[in-house]
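Participant:
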Amino acid sequence: MAAKKNKKTEKIKEQIEPASSSLRTRKRVILSFPPSLVQTPVTYMLAKEYDIVSNILRAEIAPEESGKLVMEMDGLPENLDKAIERIKESGIEITEIARKVTFAMDKCIHCGACISVCLAGALKLDKDFHLEFIEPKCTVCEMCVTSCPVDVVNIDI
Ligand code: SF4
Ligand code: SF4
334 MAAKKNKKTE KIKEQIEPAS SSLRTRKRVI LSFPPSLVQT PVTYMLAKEY
384 DIVSNILRAE IAPEESGKLV MEMDGLPENL DKAIERIKES GIEITEIARK
434 VTFAMDKCIH CGACISVCLA GALKLDKDFH LEFIEPKCTV CEMCVTSCPV
484 DVVNIDI
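Sequential numbering from 334 applies to the sequence shown in the numbering used here.
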């Protein structure tokens with residue numbers, strides 16, 4: 334009887350889990366750590382307490398000095414909001430990156446000038462020497478905007 338009940342529970346879980354995982358969303362944030370909090374294990378806390386997967390896009394942190402972390406957080410919307418509040422309360426400054434970079438690819442001449450200024454590795458030439466934009470890696474630093482000779486790059490706010 335108990336085994337039958339467990340099977341039923343497992344089946345319900347299987348039906349629920351794909352739905353909840355499809356509700357996951359991503360937020361890109363910049364974290365600014367004061368020197369006293371530079372060693373805070375933020376990504377561990379996000380994973381353990383909020384089931385958030387962190388993808389660090391850029392890190393400039395040295396022990397005993399203030400630091401910056403640009404990262405993407407992947408999780409359920411309510412968990413992302415709670416985690417952001419938690420980070421704020423801890424004394425770490427957190428700013429959401431709402432801006433987005435877009436490329437008018439029909440005008441791009443694939444010269445590669447933007448690739449050399451993209452420290453995040455979000456731009457590369459594909460096997461046909463066409464520009465490829467890997468958006469998840471973009472930190473919206475805007476360096477590529479002025480590097481483009483034909484004004485292809487735009488910042489959407
Ligand atoms: S804004 Fe441009 S240069 Fe900066 S990370 Fe994004 S694609 Fe790269
Ligand atoms: S600099 Fe402008 S034209 Fe050149 S590859 Fe980049 S987006 Fe295209």
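Where a beta carbon is used, it is the ideal one built from N, C-alpha and C, also for glycine.
#1: Residues bridged to L458 by DSSP?
#2: Can D407 and V386 be called in contact, C-beta distance under 7 Å?
#3: Does the stretch 445-452 touch the stretch 420-430, meaning 3 or more C-beta pairs lie closer than 8 Å?
#4: Whose C-beta lies closer than 6 Å to the C-beta of I467 among residues of the same chain, with five residues either side of it excluded?
#5: Would you please state the rounded distance, in angstroms, between the beta carbons of V486 and C444? I believe it to be under 8 Å.
#6: Looking at Y377: is its Cβ nearer than 7 Å to the Cβ of A416?
#7: Which of the three DSSP states, helix, strand or coil, is assigned to S399?
#8: Within 10 Å of its beta-carbon, does V375 have 16 or more other beta-carbons around it, so buried, or fewer, so exposed?
#9: Thinking just about the alpha-carbon of each residue, which of V362, R357 and K401 is nearest to the one in Q372?
#10: Would you grab the beta carbon distance between L356 and L409 for me? Rounded to a whole angstrom, and I think it's under 8 Å.
#11: Helix, strand or coil for E411 per DSSP?
#12: Suppose the cutoff is 7 Å on Cβ atoms and the five residues either side in sequence are ignored; what does the same chain contact list for G424 look like?
#13: Could you give the first and the last residue of the continuous beta strand (DSSP E) run that contains T376?
#14: Whole angstroms are fine: how far does the CA of C441 sit from the CA of P482?
Facilitator: So, from the data block:
#1: Residue pairing by DSSP places L458 opposite L464 in a beta bridge.
#2: Contact: yes.
#3: Output reads no: the stretch 445-452 does not touch the stretch 420-430.
#4: Shown here for I467: same chain residues with a beta carbon closer than 6 Å to its own, the five before and five after excluded, namely A455 in chain order.
#5: Incorrect: roughly 12 Å between the Cβ atoms, too far for contact.
#6: Against a cut-off of 7 Å, the Cβ pair of A416 and Y377 comes out as no contact.
#7: If DSSP states are grouped into helix, strand and coil, S399 belongs with coil.
#8: Counting Cβ neighbours within 10 Å, V375 comes out buried, since at least 16 surround it.
#9: Looking at the Cα atoms, K401 is the closest of the given residues.
#10: Yes, they are in contact, since the Cβ atoms of L356 and L409 sit about 6 Å apart, within 8 Å.
#11: Under the three-state reduction of DSSP output, E411 falls in the helix class.
#12: So the qualifying residues of the chain are P367 and L370.
#13: Premise fails: T376 lies in the alpha helix (DSSP H), V375 to Y383, not in any beta strand (DSSP E).
#14: Between P482 and C441, the C-alpha separation is close to 9 Å.
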